[in-house]
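Participant: Residue numbers (our numbering): 10 to 308.
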Ligand SMILES: [Zn+2]
C-alpha cells in the first residue's frame with residue numbers, strides 16, 4: 010500500500026465510508042419505483058458489498074459502513090460480514106427518507122430502529138449516522154445525540170447540489186466540527202476551485218471526473234493538512250443493475266454515469282491511500298493527533 014502519511018499533522022489521513030443501500034433506494038429512482046415496490050426489486054446489495062469487502066481486504070483498508078436498517082433486516086449476513094472483517098458498522102437510518110421530509114418524532118423512531126437492530130446484530134454500540142442523500146437539518150442533531158450517536162457525517166460543504174442539507178457552523182475547511190457536547194460532524198470532502206468548493210468526496214462526481222484528475226484533487230486536499238473523507242455505495246460498482254423504464258434527465262445521469270468504470274476507480278483509490286473508518290478519524294481528532302483542535306459551536 011502506498012503511504013500518504015507525512016510529518017505534517019492532519020496530512021495523509023484518509024477516511025472511507027460506504028453507504029450500504031441497494032440500487033432502488035436512491036432518490037434518483039423515487040419517481041419511478043415506489044417505496045411499496047421495494048420488496049419486489051432484485052436485491053443486489055449483498056454481492057456488491059461482498060465485492061467491496063474483498064477490495065478493502067486486498068489493500069488492508071478499513072472503512073465505515075453506514076448500513077440502511079431496511080437492508081440490515083433483510084440481509085443480516087452483510088452486517089455480520091462487515092463487523093467480522095474489522096470495519097465500523099454505522100447507521101444510514103431505517104427507511105431512507107429525506108430528513109427534512111419527516112416529523113422529528115418519525116425521524117427519531119427511524120434512527121432508533123436502525124441503531125438498535127445493528128447493535129443487536131453486532132453486539133457493539135453504533136457511534137455514527139449518515140442522513141439519506143446528506144439531508145441533515147439542524148433539529149435532527151439533538152435527536153441523534155439523545156438516542157446515543159457520537160457523530161454525524163451528512164454535510165458536504167458545497168452549494169453545488171440541490172438536495173444537500175446544512176448545519177450552522179459547518180463549512181469548508183472544517184472537516185471535523187464539535188457540534189455540541191460530545192457530538193461531532195465529519196464533513197465529506199470538497200476541493201477548492203477559485204471561490205467554489207466542489208464536491209470531491211464521492212458519488213456521481215467520482216464517477217464523472219477522470220480518475221487522474223480526481224486523484225490530483227485528493228492529493229491537493231491531503232497536502233493542505235485536511236483529512237480526506239470519501240463515500241461510495243455498493244450499487245455504484247454494479248453496471249448490471251436493472252435499468253428502469255421512465256427514468257430520465259438528471260436522475261438517469263446521476264444513477265448511471267460511468268457505472269462500468271467505477272469498480273476499477275474505487276480499487277485504484279483504495280490502493281492509493283491509507284484508509285481508516287470515520288470513528289478512528291474522530292478519535293484522532295479528539296486526541297489532538299490531527300494537529301487541529303475541534304471547534305466548539307452551537308448545535
Ligand atoms: Zn443513501
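All C-beta atoms, glycine included, are put in the ideal place defined by N, C-alpha and C.
These figures come from a predicted structure and were not determined experimentally.
Is the beta carbon of residue 227 sitting closer than 9 Å to the one on residue 287?
Facilitator: Counting from one through the chain shown, the residue named residue 227 turns up at place 218. Counting from one through the chain shown, the residue named residue 287 turns up at place 278. Not in contact: residue 227 and residue 287 (Cβ atoms no closer than 9 Å).
Participant: Does residue 212 pass the burial test, meaning 16 or more other C-beta atoms within 10 Å, or should it be called exposed?
Facilitator: Your numbering for residue 212 matches position 203 in the chain shown. Residue 212 is buried by the Cβ-count criterion.
Participant: Any heavy atom of ligand 1 inside 8 Å of the beta-carbon of residue 30?
Facilitator: Stepping through the chain shown from its first residue, residue 30 is reached at position 21. Under cutoff, so the answer is yes.
Participant: Entirely within the stretch 34-121 and at least 4 residues each: give me those alpha helix (DSSP H) ranges in chain order.
Facilitator: 54-67, 78-83 and 85-93
Participant: Taking the beta strand (DSSP E) that residue 25 belongs to, which residues open and close that run?
Facilitator: Here residue 25 is taken as the residue at index 16 of the chain shown, counted from 1. 23-29 is the span of the beta strand (DSSP E), which, as asked, contains residue 25.
Participant: Using 8 Å as the cut-off, classify the Cβ of residue 141 as near or not near the heavy atoms of ligand 1, replying yes or no.
Facilitator: For the purposes of this step, residue 141 is taken as the residue at position 132 of the chain shown. Under cutoff, so the answer is yes.
Participant: In the DSSP assignment, find the alpha helix (DSSP H) that holds residue 227 and state where it starts and stops.
Facilitator: Locating residue 227 in the chain shown gives position 218, counting from the first residue. 220-232 is the span of the alpha helix (DSSP H), which, as asked, contains residue 227.
Participant: Keeping to the same chain, check which residues put their C-beta closer than 8 Å to that of residue 312; ignore five residues upstream and five downstream.
Facilitator: This structure gives no information on residue 312, because the portion of the chain shown stretches from 10 to 308.
Participant: Is residue 167 close to ligand 1? I mean its beta-carbon at under 8 Å from any heavy atom of the ligand.
Facilitator: In the chain shown, counting from the first residue as 1, residue 167 sits at position 158. No, Cβ of residue 167 sits at least 8 Å from all heavy atoms of ligand 1.
Participant: Rank 148, 71, 267 and 252 by C-alpha distance to the C-alpha of residue 239 and give the top, closest one.
Facilitator: Counting from 1 along the chain shown, the entry for residue 239 is found at position 230. Ranking 148, 71, 267 and 252 by Cα distance to residue 239 puts 71 first.
Participant: In the DSSP assignment, find the unbroken alpha helix (DSSP H) run with residue 293 in it and report its ends.
Facilitator: Here the question's residue 293 lines up with position 284 in the chain shown. First-last of the alpha helix (DSSP H) with residue 293: 287-295.
Participant: Residue 96: beta carbon under 8 Å from a heavy atom of ligand 1?
Facilitator: Taking the first residue of the chain shown as position 1, residue 96 is located at position 87. No, the Cβ of residue 96 stays beyond 8 Å of every heavy atom of ligand 1.
Participant: Would you kindly work out how many angstroms separate the C-alpha atoms of residue 98 and residue 291, rounded to a whole number?
Facilitator: For the purposes of this step, residue 98 is identified with residue 89 of the chain shown, where counting begins at 1. For the purposes of this step, residue 291 is identified with residue 282 of the chain shown, where counting begins at 1. Spanning the two alpha carbons is a distance of roughly 15 Å.
Participant: Which of the three DSSP states, helix, strand or coil, is assigned to residue 150?
Facilitator: Against the chain shown, residue 150 aligns to sequence position 141. Correct three-state label for residue 150: helix.
Participant: Please tell me whether residue 105 and residue 68 are closer than 9 Å, where the distance is taken between their beta carbons.
Facilitator: Indexing the chain shown from 1 puts residue 105 at position 96. Indexing the chain shown from 1 puts residue 68 at position 59. No, the Cβ-Cβ distance between residue 105 and residue 68 is not below 9 Å.
Participant: Confirm the yes/no value for this check: CB of residue 287, any heavy atom of ligand 1, distance under 8 Å.
Facilitator: As a working mapping, residue 287 is identified with position 278 in the chain shown. Result no, Cβ not under 8 Å from ligand 1.
Participant: Using three-state DSSP, classify residue 214 as helix, strand or coil.
Facilitator: The sequence position of residue 214 within the chain shown is 205, counting from 1. It is helical.
Participant: Could you tell me whether any non-hydrogen atom of ligand 1 is closer than 8 Å to the CB of residue 77?
Facilitator: Stepping through the chain shown from its first residue, residue 77 is reached at position 68. Yes.
Participant: Restricting to Cα atoms, I'd like to know which of 37, 151 and 259 is closest to residue 193.
Facilitator: Reading the chain shown from its first residue, position 184 is the one you call residue 193. Residue 193 has its Cα closest to that of 151, out of 37, 151 and 259.
Participant: Give a yes or no on whether the C-beta atoms belonging to residue 116 and residue 137 are separated by under 9 Å.
Facilitator: Position 107 of the chain shown holds residue 116. Position 128 of the chain shown holds residue 137. Result no, Cβ atoms of residue 116 and residue 137 do not sit closer than 9 Å.
Participant: Flag residue 35 as yes when its Cβ comes closer than 8 Å to any non-hydrogen atom of ligand 1, and as no otherwise.
Facilitator: Along the chain shown, one-based indexing puts residue 35 at 26. Correct: residue 35 has its Cβ closer than 8 Å to ligand 1.
Participant: Quick check: residue 75 and residue 119, are their CB atoms within less than 9 Å of each other?
Facilitator: Residue 75 sits at position 66 when you count from the first residue of the chain shown. Residue 119 sits at position 110 when you count from the first residue of the chain shown. No, the Cβ-Cβ distance between residue 75 and residue 119 is not below 9 Å.
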